[in-house]
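Going letter by letter, the sequence shown gives residues 1 to 109 in the UniProt record's numbering.
A virtual CB, placed ideally from N, CA and C, is assigned to each residue, including glycine.
Inspection log for the structure reproduced underneath, given as structure tokens.
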Amino acid sequence: MSPTQPLLQHFSRLKDPRVTRTQLYPLENILTIAICAVICGAENWTETEDFAYSKEDFFSQPDTRAINGIPSHNIFGRVFAAPDPCAFAEGFTAWEQPQVSDWSDDIVA
Numbered sequence: 001m002s003p004t005q006p007l008l009q010h011f012s013r014l015k016d017p018r019v020t021r022t023q024l025y026p027l028e029n030i031l032t033i034a035i036c037a038v039i040c041g042a043e044n045w046t047e048t049e050d051f052a053y054s055k056e057d058f059f060s061q062p063d064t065r066a067i068n069g070i071p072s073h074n075i076f077g078r079v080f081a082a083p084d085p086c087a088f089a090e091g092f093t094a095w096e097q098p099q100v101s102d103w104s105d106d107i108v109a
């Protein structure tokens with residue numbers, strides 16, 4: 001199983017808003033990069049693109065391969081401007097909840 005599979009399985013309801021001919025970068029790659037970038041502190045699409053380039057070795061591995069390279073900040077902006085926000089929120093929450101539960105015993109305030 002790919003390291004990103006547990007994350008991506010929660011986004012199966014999320015439909016790719018792009019027409020097929022403009023899908024140079026697979027939606028799952030864009031989601032993976034964007035979520036990793038935001039978790040690591042990216043606050044906009046330019047920072048997301050910068051993060052992806054800084055981790056290009058990781059995103060080039062066979063299981064996380066960024067087909068056609070790293071998407072530009074414009075691609076991230078266009079893709080995230082169009083999807084169903086409820087479907088994205090449901091998918092992210094479904095993935096995130098077990099992660100938080102796993103960490104709850106380790107958090108020391």
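{"Item": "Terminal residues of the alpha helix (DSSP H) in which His73 lies", "Value": "73-81"}
{"Item": "Test item: CB-CB of Leu24 and Asn74 under 7 Å", "Value": "no"}
{"Item": "Proximity to Ser60 [Cα-Cα], best of Ile33, Glu43, Ser72, Phe11", "Value": "Ile33"}
{"Item": "Cβ shell of Pro26 (< 7 Å), same chain only, five flanking positions each side left out", "Value": "Ile67"}
{"Item": "Cβ pair Ala87, Arg13 closer than 7 Å", "Value": "yes"}
{"Item": "Among Thr48, Leu8, Phe76, Ala42, the one whose alpha carbon lies nearest that of Pro17", "Value": "Phe76"}
{"Item": "CA-to-CA distance, Trp95 to Cys40, given in whole angstroms", "Value": "17 Å"}
{"Item": "Helix, strand or coil at Pro17 [DSSP, three-state]", "Value": "coil"}
{"Item": "Three-state secondary structure assigned by DSSP to Asn29", "Value": "helix"}
{"Item": "C-beta atoms of Pro71 and Ile35 nearer than 7 Å", "Value": "no"}
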